Amino acid sequence: MIRIGNAQFWVHDQDEALKFYTQVLGWQVRADATMEAWHFRWLVVGPPGQDDVGLVLMPVPGPPMLDEASSEALSQLVAKGGGGTLFLETDDCVAAYEELKGRGLVFNDPPTTQAYGIDTSFRDPSGNSIRLTQVLPFDPSRG
Amino acid sequence: MSAAAGIRHLLRAKDLADARYAESLTVADLARAAGLSKAHFSREFARVFGESPHQYLLTRRLERAAALLRATDWSVAQICHSVGLESLGSFTTSFGRVYGQSPTAYRAAYPPARSLVRIPQCVALAYGRPKHRTFREDTAAAPS
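Chains as they are written, first to last, in this note's numbering: chain E, 956 to 1098; chain L, 784 to 927.
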């Protein structure tokens, strides 16, 4: 069997991202190891209660992984919201929305009823998109 | 209030301890969440869940601290602070009481945090190379 271990987001600032995912979103640190000599920091976070999947928060790489122009372009693309989306699920979208709003999270939209359930969305400090969905039996009349 | 409703209030406080242990949460905050006076809350919590709220909250914090000792290379002081505890001395004492060794000895018994890195060393090396480092070839006069 092959399963998902970690997924990854590009971030502009690992400290800022760590603070957001742990203090605002309430996630746990799964790994945080810095190899000083390599100028490399492996940083993984994940939601409490789901220990086998993590989100790696990686800084936008420069040369030699990416040339300067591409690195800058990727950095800007993430800031523009082109970095990708993380799809989260919850049992109660409205309750999660209220709780996170209380912790200062700014949402893009309030919980909205869709054919597939109730969902809302927000961004991490770098601009990565995160959807939070309460999945309900599919009902086209709801959307 | 029915017994179940009373327990439901206590569970709210227990959930709060689980969710917010990293903040400077106290038993008084938990009592407030349960809507009870501190003394009454502590007694009821211990009766229903088998341990005092103080003990419960501290155990959650120590468990999390143990996980951080295994998974990160943060300093012990940083870990102590990040699980909502202020005094490094009492953290070390409490940790020793539960785990039978100091935080540093506990960490040493596990593989280092860098063993959790899931990319090859060569990639990490290339990835982490400092940006904007050149050998000034780019400023040298171009060969004609």
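For every residue, glycine included, the Cβ atom is placed at its ideal position computed from N, Cα and C.
Only a predicted model underlies this, so the values are computations on that prediction, with no experimental measurement involved.
- Contacts between residue 1019 (chain E) and chain L, judged by CB atoms closer than 8 Å, involve 909 and 912 in chain order.
- Burial is judged here by how many other beta carbons sit within 10 angstroms of a residue's own beta carbon; residue 1093 (chain E) has fewer than 16 and is exposed.
- Taking 3 residues as the minimum length, the beta strand (DSSP E) runs contained wholly in the stretch 991 to 1035 of chain E are 995 to 1001 and 1009 to 1014, in order along the chain.
- Distances from the CA of residue 1029 (chain E) to each of E:1014, E:1042 and E:1040 were compared; the closest alpha carbon is that of E:1014.
- In terms of Cβ geometry, residue 1036 (chain E) and residue 1084 (chain E) form a close pair [threshold 8 Å].
- Beta-bridge partners of residue 1072 (chain E) (DSSP): E:1069 and E:1090.
- Below the 8 Å Cβ cutoff, chain E contributes 987, 988 and 989 as neighbours of residue 856 (chain L), in chain order.
- Look at the beta carbons and you see the stretch 958 to 970 of chain E not touching the stretch 867 to 879 of chain L: under three pairs across the two are nearer than 8 Å.
- In the pairwise beta carbon analysis, the stretch 989 to 1003 of chain E is classified as not touching the stretch 1049 to 1062 of chain E: fewer than three pairs are separated by under 8 Å.
- At least 8 Å separates the CB of residue 817 (chain L) from every CB of chain E.
- The C-beta separation of residue 1012 (chain E) from residue 983 (chain E) comes to about 13 Å, leaving the pair out of contact by the 8 Å criterion.
- In the assembly as shown, residue 889 (chain L) is a buried residue. Its beta-carbon has 16 or more other beta-carbons within 10 Å.
- Between the beta-carbon of residue 1058 (chain E) and that of residue 966 (chain E) there is about 19 Å, and that puts the pair past the 8 Å contact cut.
- Residue state for residue 968 (chain E) is assigned as coil, using DSSP reduced to three classes.
- Excluding the 5 residues flanking it on each side, residue 804 (chain L) has same chain C-beta neighbours closer than 8 Å at 840, 843, 844, 847, 866 and 867, in chain order.
- Using a CB distance cut-off of 8 Å, residue 1002 (chain E) does not count as an interface residue toward chain L.
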